[in-house]
Amino acid sequence: MSIQTPAAKELGPVTLHTVDTMKYKTNTMVLKFKAPLSEQSVTKRALLAYVLQRATEFSPTAKDLRRRLNDLYGASLSAQLSKKGDHHFISFKMEVANEKYLSDSTPLLEKALRLLAEVVLRPKLTEGQFDEDIVAKEKRTLKQRIQSMRDDKMRYANTRLIEEMCKSEPYRLHAYGQENKIDGISAGDLVTYYREMISSDKIDLFIVGDIDEQKVEAIAREAFDFPEQNQNVAQETVSAPQFKEEQVIIEEEDIEQGKLNLGYRTYTTYADNDYYPLLVFNGILGGFPHSKLFINVREKASLAYYASSRIETHKGLLLVFSGIQSSNYEKAVTIIKEQTEKMRLGDFSEEEFQQTKAMLKNQILETIDNPRGIIEFFYNGISSGCERSVDEWIAGVDGVSRDDVTQMAEKVKLDTTYFLKGKEGS
Amino acid sequence: MEQLAFEQLKETVYHDKLENGLDVFVLPKQDFHKTFVTFTTKYGSVDNTFVPLNGEEAIQVPDGIAHFLEHKMFEKEDGDVFQQFSKQGAAANAFTSFTRTAYLFSATANVKENLETLVNFVQEPYFTEETVEKEKGIIGQEIRMYDDNPDWRLFFGLIENMYHHHPVKIDIAGTEESIADITKDLLYTCFETFYHPSNMLLFVTGPVDPEEIISFVAENQNQKKFKAQPPVQRFNEKEPTEVARVKKVLRMPVQTSKCLIGFKEKSPGRSGENMLRYELAVNLVLDLMFGSSTENYETLYDEGLIDDSFSFDYTEEDHFGFSMIGGDTNDPDALEKKLFSMIGEFKRQPLDNQAIDRVRKKKIGSFLQALNAPEFIANQFTRYEFSGMNLFEVVPVLESLTADDLQQVLEDHFDESCFTVCQVRPSKEG
Chain A
553 MSIQTPAAKE
563 LGPVTLHTVD
573 TMKYKTNTMV
583 LKFKAPLSEQ
593 SVTKRALLAY
603 VLQRATEFSP
613 TAKDLRRRLN
623 DLYGASLSAQ
633 LSKKGDHHFI
643 SFKMEVANEK
653 YLSDSTPLLE
663 KALRLLAEVV
673 LRPKLTEGQF
683 DEDIVAKEKR
693 TLKQRIQSMR
703 DDKMRYANTR
713 LIEEMCKSEP
723 YRLHAYGQEN
733 KIDGISAGDL
743 VTYYREMISS
753 DKIDLFIVGD
763 IDEQKVEAIA
773 REAFDFPEQN
783 QNVAQETVSA
793 PQFKEEQVII
803 EEEDIEQGKL
813 NLGYRTYTTY
823 ADNDYYPLLV
833 FNGILGGFPH
843 SKLFINVREK
853 ASLAYYASSR
863 IETHKGLLLV
873 FSGIQSSNYE
883 KAVTIIKEQT
893 EKMRLGDFSE
903 EEFQQTKAML
913 KNQILETIDN
923 PRGIIEFFYN
933 GISSGCERSV
943 DEWIAGVDGV
953 SRDDVTQMAE
963 KVKLDTTYFL
973 KGKEGS
Chain B
43 MEQLAFEQLK
53 ETVYHDKLEN
63 GLDVFVLPKQ
73 DFHKTFVTFT
83 TKYGSVDNTF
93 VPLNGEEAIQ
103 VPDGIAHFLE
113 HKMFEKEDGD
123 VFQQFSKQGA
133 AANAFTSFTR
143 TAYLFSATAN
153 VKENLETLVN
163 FVQEPYFTEE
173 TVEKEKGIIG
183 QEIRMYDDNP
193 DWRLFFGLIE
203 NMYHHHPVKI
213 DIAGTEESIA
223 DITKDLLYTC
233 FETFYHPSNM
243 LLFVTGPVDP
253 EEIISFVAEN
263 QNQKKFKAQP
273 PVQRFNEKEP
283 TEVARVKKVL
293 RMPVQTSKCL
303 IGFKEKSPGR
313 SGENMLRYEL
323 AVNLVLDLMF
333 GSSTENYETL
343 YDEGLIDDSF
353 SFDYTEEDHF
363 GFSMIGGDTN
373 DPDALEKKLF
383 SMIGEFKRQP
393 LDNQAIDRVR
403 KKKIGSFLQA
413 LNAPEFIANQ
423 FTRYEFSGMN
433 LFEVVPVLES
443 LTADDLQQVL
453 EDHFDESCFT
463 VCQVRPSKEG
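Here the protein sequences line up with chains A and B, keeping their order. Residue numbers for the first sequence follow the numbering used here, beginning at 553 and rising by one. Residue numbers for the second sequence follow the numbering used here, beginning at 43 and rising by one.
Below, the structure is given as structure tokens:
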């Protein structure tokens, strides 16, 4: 029942990865663009993701395009922006019903796949430029999206932590770009950048579903006729800065609950040998409801509803989150630091260690039950140049020893504590 | 054991009603790694006035108690149930809605052990005054987390506008003041009244053998003693059809304003296929008016009144129902006026059959996308079953809805006297 690593085929500049499975009632296609994360391009890329999904040469308004999608039984088309390590990603996702489960058996996959190609390769251009009107509207949407993310204070506290912690690294940039750069982008800049993107990004296409692999390959080869690739100058991951003094940043807002976020450097990424010990370390510390943070910050001290940690696999960061009454700041920080110290001393039970391994294995198998999860799992390997099968991943977790975990704990260093303090109770 | 086959969707659901009244449903999904299980009681935040088991008169319990009980079920004399699930490699969780409390886990190994842990922990309460007091700090922080979330405040602000008395207007978690009144004895009263197997449903989906699962659960239940219990008597004060309040503006530390308009359903109380037809019909009408392929959507987007956060939905439960339309906006007043006038205009025009077919297709396709997720199937199947509907009838019902059906709900539901609006605006504005 274990899932095979997808078959990879080079179709010119695009690498096609297919997973043939009967599990789903839909077929899922994701086209990924990868480029270095940089101040020069991040905002243009974000805007481009919005502009491209609005219209095409053959469906010149959003309404036309959305009607075509509805006619394909509500095929869903979306563009997502993300960053991993020091790279920026745009993912165009199309999901379409498998006609086997419909009373109308018109084939949908081929049409959806061709439409996905049309969205990225046949944009609506007027005299070689993006439509001014569409660009203006999408600038507004992008600005509103950035502002609205800031309005979610849990998210905002995380963004601020990263900005402060990674001040001198590309990772400080948000995947949605910089709000103050949006107005300065002209339709002309955008089309120039678009040409650069489609000819120099690393491009991967994933198709997951009940598919005929040869047939989809033939369609994809024809439809995704990207221009010849320039030499893609891959940016090396910027190494984490040398350990410096811990910094503490406290800001205040008129909110009901303080948001406490701690950023640690792990000096370990997906491609490293000690990636598995890092997974176990994070799991014992704060990845699950049996973890130290949940038990000690929430269950024992009643300080918080949420107290957890997660790792940014491609950047070498571990982030701790908790929402607390602002007057409990010192107490919460003390408990969190005690837990990381316990990790360093190897003060965790055999039960905590085994539970964590069992939960990690469960997590990965659950992830690949979902089409999007399958794609993300394999793309993590592809984009970091370290491909792992699910079986290898599970064996990797199994192979971690207690010593590996305490060694990891020695490596992990607190870099920045960020506290968004509320005015409640003051 | 009965089998319910849904040929078009190629799904078969197995069902048995156990002697103690517990409904067990199993949907085998052989290709999946994980088994997802929900154990749900028909008891949510709206059930705040009822006759307790063995009682004679109705009592009213503190706001937020159903949710509080959900939290406290996880704690046992020998520790936290999460620990047990983790040992068995399962991710456990729970949630409380207006009408349900669900306990759940997903696991890719040790399915029977986890199933047993789930059923046992939900049927064996352990509350002490001390642990109840400790939970108040945790839930207090949960309430504050939601207080800081503008979308949650907007959603509840709109529901509060709609209802004069109905407890749906009360936040599911209650308030820090209301939960202060919760005691261990009150928790036991709620537990005994609502957690009888005859008020509960177990749903299992994953690579399992339905017969084996059902007999395993039956065996577990046969070892426990349950006295037959009559259906719970729940009370609701009579709710007027009009909204309680037409407009409310909330000030929060945000940069982007939000606006949500809604219609309170005048005659809820449907069940079974009627309810399913009505709910789907209102949702089709909403899509015809404001879906992303409509003129209205285009106009609103072009005028800068909406962005991609714009959404709409209609939901109906036993004694209440409401539609909601809106999202982030740079001009909440203009959006409110425009939405209202667009609905009025839409009611004056004949329905377009081609557009109906298009949104029907879209809904069917979206439903198939949702069916990829075992979580969706388990949660929604339970919700539908509690109201006498069947999740897998969604596609045939969508296919059977006619323009006349839609015209009817357009006139019934979208009534001016049931209209209300809630806005979130920056505190620093103006």
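Where a beta carbon is used, it is the ideal one built from N, C-alpha and C, also for glycine. Bear in mind the structure is a predicted one, so any value in this text is a computation, not a measurement.
Can you tell me where the beta strand (DSSP E) holding S738 (chain A) begins and where it ends?
As a working mapping, residue 738 (chain A) is identified with position 186 in the first sequence. First-last for S738 (chain A): undefined, no H or E at that position.
Jot down the residue ranges of each uninterrupted alpha helix (DSSP H) in the segment 171-207 of chain B, minimum 4 residues, whole runs only, in chain order.
171-189, 192-204
Closest residue to H361 (chain B) among B:Q265, B:L64, B:T170, B:K308 (Cα-Cα distance):
As a first step, residue 361 (chain B) must be located in the second sequence, where it is residue number 319. For H361 (chain B), the nearest C-alpha among the options comes from B:K308.
Roughly how many angstroms separate the alpha carbons of I888 (chain A) and P841 (chain A), rounded to a whole number?
As a first step, residue 888 (chain A) is located in the first sequence; it is residue number 336 there, counting from the start. As a first step, residue 841 (chain A) is located in the first sequence; it is residue number 289 there, counting from the start. Their Cα atoms are separated by approximately 15 Å.
In chain A, which residues lie with their C-beta within 8 Å of the C-beta of L51 (chain B)?
Here residue 51 (chain B) corresponds to residue number 9 of the second sequence, with the count starting at 1. Per Cβ cutoff of 8 Å: K577, Y653.
If contacts are defined as beta-carbon pairs under 8 Å, then A100 (chain B) and F277 (chain B) qualify, I think. What distance do you get, rounded to the angstrom?
The residue you call residue 100 (chain B) lines up with position 58 of the second sequence. The residue you call residue 277 (chain B) lines up with position 235 of the second sequence. With 8 Å as the limit, A100 (chain B) and F277 (chain B) qualify as a contact, their Cβ atoms being about 5 Å apart.
Against chain A, does H10 (chain B) count as a neighbour if the rule is that its beta carbon must be under 7 Å from one of theirs?
Not covered by the structure: residue 10 (chain B). The range shown for chain B is 43 to 472.
When you compare the CB of V296 (chain B) with every CB in chain A, is at least one pair closer than 7 Å?
Numbered from its first residue, the second sequence carries residue 296 (chain B) at position 254. Yes, V296 (chain B) lies at the interface with chain A (some Cβ there is under 7 Å from its Cβ).
Kindly indicate if chain A contains any beta-carbon less than 7 Å away from that of L413 (chain B).
Residue 413 (chain B) sits at position 371 when you count from the first residue of the second sequence. With 7 Å as the cut-off, L413 (chain B) counts as an interface residue toward chain A.
Coil, strand or helix - Q45 (chain B) by DSSP
Here residue 45 (chain B) refers to the residue found at position 3 of the second sequence. Reduced to three states, the DSSP call for Q45 (chain B) is strand.
Listed by chain order, chain B residues near S700 (chain A) by CB distance under 7 Å
Numbered from 1 along the first sequence, position 148 holds the residue referred to as residue 700 (chain A). Near S700 (chain A) (Cβ distances below 7 Å), the residues of chain B are T298, S351, D370.
Beta-carbon proximity check, Y828 (chain A) vs G948 (chain A), cutoff 7 Å
For the purposes of this step, residue 828 (chain A) is identified with residue 276 of the first sequence, where counting begins at 1. For the purposes of this step, residue 948 (chain A) is identified with residue 396 of the first sequence, where counting begins at 1. Yes; because the gap between Cβ atoms is below 7 Å, this pair is in contact.
With a CB to CB cut of under 6 Å and the five nearest residues on each side skipped, what residues in its chain are close to F388 (chain B)?
Walking along the second sequence from the start, residue 388 (chain B) turns up at place 346. Same-chain partners within the cutoff: M331.
Can you grab the Cα-Cα spacing for the pair T958 (chain A) / N732 (chain A), in whole Å?
The count along the first sequence starts at 1 and reaches residue 958 (chain A) at position 406. The count along the first sequence starts at 1 and reaches residue 732 (chain A) at position 180. Taking the straight line joining both Cα atoms gives about 44 Å.
Collapsed DSSP secondary structure at T82 (chain B) in the structure displayed:
Taking the second sequence and counting its residues from 1, one reaches residue 82 (chain B) at position 40. The answer is strand: DSSP assigns T82 (chain B) an E or B state.
Indicate the three-state DSSP secondary structure (helix, strand or coil) for C718 (chain A) in the structure shown.
Taking the first residue of the first sequence as position 1, residue 718 (chain A) is located at position 166. Looking at C718 (chain A) - three-state DSSP - the assignment turns out to be coil, as it is neither helix nor strand.
Quick check: K975 (chain A) and D806 (chain A), are their CB atoms within less than 7 Å of each other?
Here the question's residue 975 (chain A) lines up with position 423 in the first sequence. Here the question's residue 806 (chain A) lines up with position 254 in the first sequence. A contact, by the Cβ cut-off of 7 Å.
What's the gap between the Cα of H75 (chain B) and the Cα of S148 (chain B)?
Taking the second sequence and counting its residues from 1, one reaches residue 75 (chain B) at position 33. Taking the second sequence and counting its residues from 1, one reaches residue 148 (chain B) at position 106. Looking at the two C-alpha atoms, the distance is approximately 10 Å.
Any beta carbon from chain B within less than 7 Å of G838 (chain A)'s own beta carbon?
To locate residue 838 (chain A), count along the first sequence from 1; it is residue 286. No - not a single Cβ of chain B is within 7 Å of the one on G838 (chain A).
Using the Cα positions of M553 (chain A) and Q907 (chain A), report the straight-line distance between them to the nearest angstrom.
In the first sequence, counting from the first residue as 1, residue 553 (chain A) sits at position 1. In the first sequence, counting from the first residue as 1, residue 907 (chain A) sits at position 355. In this predicted model, M553 (chain A) has a pLDDT of only 47, less than 50, meaning its place in the structure is not dependable; the value taken from the coordinates is given anyway. Spanning the two alpha carbons is a distance of roughly 23 Å.
What residues of chain B sit near S720 (chain A), judged by a beta carbon separation below 7 Å?
By 1-based counting over the first sequence, the position of residue 720 (chain A) is 168. Result: empty, since nearest Cβ-Cβ is about 27 Å, beyond 7 Å.
In terms of DSSP beta bridges, what is D474 (chain B) paired with?
One cannot answer for residue 474 (chain B) here, as it falls past the ends of chain B, which runs 43 to 472.
Alpha carbon of H113 (chain B) to alpha carbon of V463 (chain B), nearest angstrom:
Against the second sequence, residue 113 (chain B) aligns to sequence position 71. Against the second sequence, residue 463 (chain B) aligns to sequence position 421. Spanning the two alpha carbons is a distance of roughly 33 Å.
Can you name the residues that DSSP bridges to I926 (chain A)?
Residue numbering aside, residue 926 (chain A) sits at position 374 when the first sequence is read from its first letter. BP columns for I926 (chain A) are empty, so no partner.
Under a three-way DSSP split, which group does H109 (chain B) fall into?
If you number the second sequence from 1, residue 109 (chain B) lands on position 67. Three-state result, H109 (chain B): helix.
Does any residue of chain B have a CB that is nearer than 7 Å to the CB of K705 (chain A)?
Looking up residue 705 (chain A) in the first sequence gives position 153. Cβ-Cβ to chain B under 7 Å: yes for K705 (chain A).
Among residues of its own chain, excluding the 5 on either side of T235 (chain B), which ones have a beta-carbon nearer than 7 Å to its beta-carbon?
Taking the first residue of the second sequence as 1, we reach residue 235 (chain B) at position 193. For T235 (chain B), where only same-chain residues beyond five positions count, the Cβ hits under 7 Å are F92, P94, L95, V274.
Using the C-alpha atoms, what's the distance from K913 (chain A) back to S128 (chain B)?
Mapped onto the second sequence, residue 128 (chain B) falls at position 86. Mapped onto the first sequence, residue 913 (chain A) falls at position 361. Their backbone Cα atoms lie some 11 Å apart in a straight line.
Which stretch, first to last residue, makes up the alpha helix (DSSP H) that contains K226 (chain B)?
On the second sequence, position 184 is the one that residue 226 (chain B) refers to. Counting along the chain, the alpha helix (DSSP H) containing K226 (chain B) begins and ends at 226-236.
According to DSSP, is M553 (chain A) part of a helix, a strand, or is it coil?
Taking the first residue of the first sequence as 1, we reach residue 553 (chain A) at position 1. Its pLDDT being 47, under 50, M553 (chain A) is placed unreliably in this model, and the value from its coordinates should be taken loosely. Three-state result, M553 (chain A): coil.
If you follow the beta strand (DSSP E) that A132 (chain B) is in, where does it begin and where does it stop?
One-based indexing of the second sequence puts residue 132 (chain B) at position 90. Per DSSP, A132 (chain B) belongs to the beta strand (DSSP E) from 132-138.
So with Cβ pairs under 7 Å, would you call Q183 (chain B) a contact of chain A?
Your numbering for residue 183 (chain B) matches position 141 in the second sequence. By this cut-off, Q183 (chain B) is an interface position.
Grouping DSSP H, G and I as helix and E and B as strand, with all else coil, what is Q165 (chain B)?
Numbered from 1 along the second sequence, position 123 holds the residue referred to as residue 165 (chain B). Three-state result, Q165 (chain B): helix.
Taking A145 (chain B) as the query, report the chain A residues whose CB atoms sit under 9 Å from its CB, ordered along the chain.
By one-based count along the second sequence, residue 145 (chain B) stands at place 103. Checking the displayed sequence, the identity of residue 145 (chain B) turns out to be Tyr instead of Ala. Residues of chain A passing the Cβ test: none, with the nearest at roughly 13 Å.
For A856 (chain A), three-class secondary structure by DSSP
The residue labelled residue 856 (chain A) in the question sits at position 304 within the first sequence. Strand.
Sequence-distant residues of its chain with Cβ nearer than 8 Å to Q297 (chain B) (five each side left out)
On the second sequence, residue 297 (chain B) is found 255 positions in, with the first residue counted as 1. So the qualifying residues of the chain are P468.
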